[in-house]
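Encoded as C-alpha cells, the structure appears first; notes follow it.
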C-alpha cells in the first residue's frame, strides 16, 4: 500500500515545488479557512474562563480555599465541586454563622486565614457619583496575593489609604488625590461619607470595566448586616479536601477549594453530578453542528477546487505519458490525489501555526475592548488537531473530481495538445433540480417546526440546495455562453472559455454562490429579526424626550427639587415637568395595583411601557405633555372627560367604552401584615384611546377620584422636553442623579436601537463573505488566465491589443463573480426565508373581540425583511470590485506560446 503511494507522492512534491505560484494558491485556499477557525477557537478558549482558571481570581495565588456564608442564621449546606455552579441550603436559620476560629478548628492542622469583605459603594466623581465595588482586605498579606494587580503607586498601609482601578480613576479621583465614598442606607450602610487617599492604581483580577475601591480593614465602611455585604475567609495551608468541604458544609459554610476543583475525587464528582445533574448536548444541537461542518467542508472544497482542477490539467501530459507507458487509471488518480495530500498537509499545518500566531496578536487588542478579563492564552490542541484534519480532508476531497477526470482522459488527445472538457451528463440538470426541490421542501418543513427542531431541517435544506446548485452550474454557465453572442469580445471570450473549461469554472462559481447564499440567508434572518424587534418595541416617551426616576421601592417620599437642579445644571434650556400619579409603592411600603375593566369585565390594556414610578397618572388641571403628544390621543376630549370627573383609559383596541370599573388592590410588601384590601368604583364615566403598543400607563384619573378611592397622590417622576440629550450628557446627568440616590436615573427615548453585537455580526458576516467571494473569484480568475495562456498568446499573435488581455481577465472575474452571486442570491432566499419563521414567529394567541391578554396579539405572527442594500452590494459591487482588481493586476503582454498541432 505504502509502496504504491511512494511514486505519486514524490511526483506531487516535485510538481508543487516546480509550480510555486499554483501551489501557493492552493495552499492559501486550504490554509485560510484553517487559520481562521484556529484563531477563532484559540481566542474563544482564551476568553472563556473555566472554574479551574478562575481560581486565582477568586482565591488569589496563595490561598487553598475560600469559605463563605450568608445571613444571620445558617443551616447545613449541600454543594457541588464549585458552589457558584450549584449549591442548596438545608435547615436554613437553625444555627449561628461560623467564625474564622470554628472554620480553622474544623480544618485542623497549621493554617491561618484572613477575612475579605465587599459591598457596593457610592463614589463621588467630577460630575456627581457612580456606583463601584468596595473590597476590604489587607492587600499586603500573602494570602491576598493575586486578588489585585498593582499598576501604579503602592499598596495601602492603613485605614486612611485605598487603591482604585483605572475605570474609576478615569471618572473620579486618581493617584495621590482624595476620594470620597459612602454606602447608602438602602444598601445596608450608614449613609455617612468617608474620605480616603488614593495611593495606588490596582486592577481587580475579576472585574475590569466596573469601578473598584480596595483597602485594609477599616478603610471601606462595610454594612453591619451580613446580608448587605459579601464576607468570606481566604484559608491558607495545605489542600482542603472534599471531606474538609463536607465538614464546613455542616457548619453552614460554602467552600471554593483549589484542590477539589483542580483534582476532584470520585466522591466529589458523584456529589456534583447528584446536585447539578448531567449536562449534555441535545441531539438537535449535534445535528446542526454536523451540518455546519459539512457545509464548511463543501465551501472549502469548492474554493480549492479550481486550483486542483488546473493542477490536474497541467499534469495531463505527464499523466498521459504514464498511461502510454502502461500506467493504470488508478496510478493516474493517485498522482492527483497525492497533490491533495501534500498540499493539504502543508496547508493544514501552516494554517494552524498562522492561526495561533494571529490569535496571539489579536488577543491584547480584543482584551482592551472587552469589559472582562480573559483567561490565560490557551491553545486547545485536541480541537486544533481536528481543524488540521478538516483542512487535510478538504484538500483530498477537492482533488477527487480532478483525479477522476484525469484518470479518464483521452491519452491521444492530450498528447496531441487538444484541450477541453467532456460534454456534461444529460442527467446532471435533473439531479440538480431534484436536490434543489428537496432543499425547498426541507426548508418549508423547517419553517413549520418548533425552534428546537427547525434548525436541523433548514441547515439540511441549505446543503441540499448547494449540492443541487453544483449540478446546475454547468448548465447555467453554458446558458450564459450562448447568450454572450452579442457581448463585447472580452466578455464573449470569458463566458465561452468558462463554458469550455467547466472543470475549473464549476467549483469557482459554486464557491462564490455558496458564500453568497450563506451571506444572504444570514442577512435575511438578522434583518427580519431586527424588523420584529423594531416593530414590537414600545416607546416610553415621545422621541427625544427624557424621564427622571428615583423610585427605590421603599415608598419613602422623594424630594424632587435637587433632581430638577441636577438636570437643569446640564440642560439649562430644557423644560422639566413634574408628573403626578399614584405610586406603585406608597408610604409604609403599601403596594397599590389599579385596574380598569370594560363593561364585559375584561382588561382593556394588556401591557404598557413606563420608566416613571406609576402607571396611573393624576389630572390636576393639566395633562402631562408626554401623554398629550402621543399620536392618536385626543387631548381636548381627554381633558373634557377628566374635568367632568371621568377617567381616561388606554386600550389595546378601538372598541367603544363609555364607562369602566376601577379596582384598587393594596397589600403590605414589607410583610408586616398579610391582609389585602380591595376597593374601587363601578360604572365610572370614561373615554378610551386605542394606543396599542404605545401606552405610557393604564390611565389617568382626576384628583377628586383619587381622593375618593383613598389613593395617595405624589410626584412619580420628571419628564424633560425641549433639549437634545447626547449620550455623554446622559452619562453626566446620571452621575449627578446617582449622587442624590442610588436609584436615581435618566432615561432618554431614542427609539429602537440596534444592539452593537448585531452590527458587529453583520459587519463580520459581510467582511467574511466579501473575503471569501474575492478570494474564490480572484483565485479562479488567475488560474484560468494561467490555463488560457496559449489562447491569449494566440490573440496577441493575430493582432489583439495588449489591453484585450486585461479586458479578458477582468471579464472572466466578472463572469465568475456575477454568475456565482446571482445563483447564490436565488438559492440563499430558500433557507433565508425559512429561517425567519422560527426566528420571528411569536406563537401569540389570537386576540378576540372581547379581550386581549398580550400586547403582541395585534402584531403579525411572522416578519420578513429582505436586505436589498446587502444584496445589491453582493450582486453588483463585489463582482465589479473583483473585475477592477484583476484589471489592475493582470499582465498586458505575454510571450508567444507555441501550440501543438
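In full-length UniProt numbering, the protein residues as written are 1 to 901. Each residue gets a CB set at the ideal place from its N, CA and C atoms; glycine is no exception. Keep in mind that this is a model prediction, so the values were computed, not measured.
- In this structure, the beta-carbon distance from residue 214 to residue 163 falls below 8 Å.
- Beyond the five residues adjoining it in sequence on each side, residue 879 comes within less than 7 Å, by CB distance, of 814, 817, 818 and 821 in the same chain, given in chain order.
- For residue 861, no beta strand (DSSP E) segment is defined, and its DSSP state is neither H nor E.
- With at least 16 other beta carbons inside 10 angstroms of its own, residue 29 counts as buried.
- Taking all protein chains shown into account, residue 469 has 16 or more neighbouring C-beta atoms within 10 Å of its C-beta and is therefore buried.
- When the Cα atoms are used, residue 595 and residue 702 turn out to be separated by approximately 15 Å.
- According to the DSSP assignment, residue 721 belongs to the beta strand (DSSP E) that extends over 714-721.
- Cα atoms of residue 483 and residue 494: separation of roughly 12 Å, rounded to the nearest angstrom.
- DSSP lists 66 and 114 as the bridge partner or partners of residue 234.
- Taking C-beta atoms under 8 Å as the contact rule, residue 520 and residue 807 fail to qualify, at a distance of about 30 Å.
- DSSP places residue 179 within a strand segment (E or B) once states are collapsed to three.
- Taking all protein chains shown into account, residue 621 has fewer than 16 neighbouring C-beta atoms within 10 Å of its C-beta and is therefore exposed.
- Just so you know, the alpha carbons of residue 800 and residue 778 end up roughly 24 Å apart.
- A direct Cα-to-Cα measurement between residue 891 and residue 727 gives close to 53 Å.
- Per the C-alpha coordinates, the member of 103, 74, 112 and 116 positioned closest to residue 96 is 74.
- DSSP places residue 168 inside the alpha helix (DSSP H), whose first and last residues are 166-171.
- Here residue 678 carries a strand assignment [DSSP, helix/strand/coil].
- Only residues of its own chain outside the window of five on either side were considered, and among them 812, 813 and 886 have a CB closer than 6 Å to the CB of residue 781, listed in chain order.
- In the three-state scheme derived from DSSP, where H, G and I count as helix and E and B as strand, residue 57 is classed as helix.
- According to the DSSP assignment, residue 871 belongs to the alpha helix (DSSP H) that extends over 868-872.
- Residue 168 places its beta carbon 8 Å or farther from that of residue 200.
- A check of alpha carbon separations from residue 247 across 77, 57, 357 and 388 identifies 77 as the nearest.
- With a cut-off of 8 Å on Cβ pairs, the segment 399-413 is in contact with the segment 304-316, counting three or more such pairs.
- In this structure residue 614 touches residue 584 by the C-beta definition: roughly 6 Å separates them, less than 8 Å.
- With 16 or more other Cβ atoms from the protein chains shown falling within 10 Å of its own Cβ, residue 530 counts as buried.
- Assignment of residue 21 by DSSP, reduced to helix, strand and coil, places it in the helix class.
- C-alpha of residue 564 to C-alpha of residue 115: approximately 43 Å in a straight line.
- Only residues of its own chain outside the window of five on either side were considered, and among them 635 have a CB closer than 6 Å to the CB of residue 628, listed in chain order.
- Counting only the Cα atoms, residue 192 lies some 10 Å from residue 180.
- If only uninterrupted alpha helix (DSSP H) runs of at least 4 residues are considered, those enclosed by the segment 773-800 are 789-797.
- Judged by DSSP in its simplified three-state form, residue 596 adopts strand.
- Between the alpha carbons of residue 260 and residue 242 lies a gap of roughly 6 Å.
- Closest option to residue 616, judged by alpha-carbon separation, among 792, 705 and 124: 705.
- Going by DSSP, residue 755 is part of no alpha helix (DSSP H) at all; its letter is neither H nor E.
- With contacts defined as CB atoms closer than 8 Å, residue 341 and residue 9 qualify as a contacting pair.
- Under the three-state reduction of DSSP output, residue 620 falls in the coil class, being neither helix nor strand.
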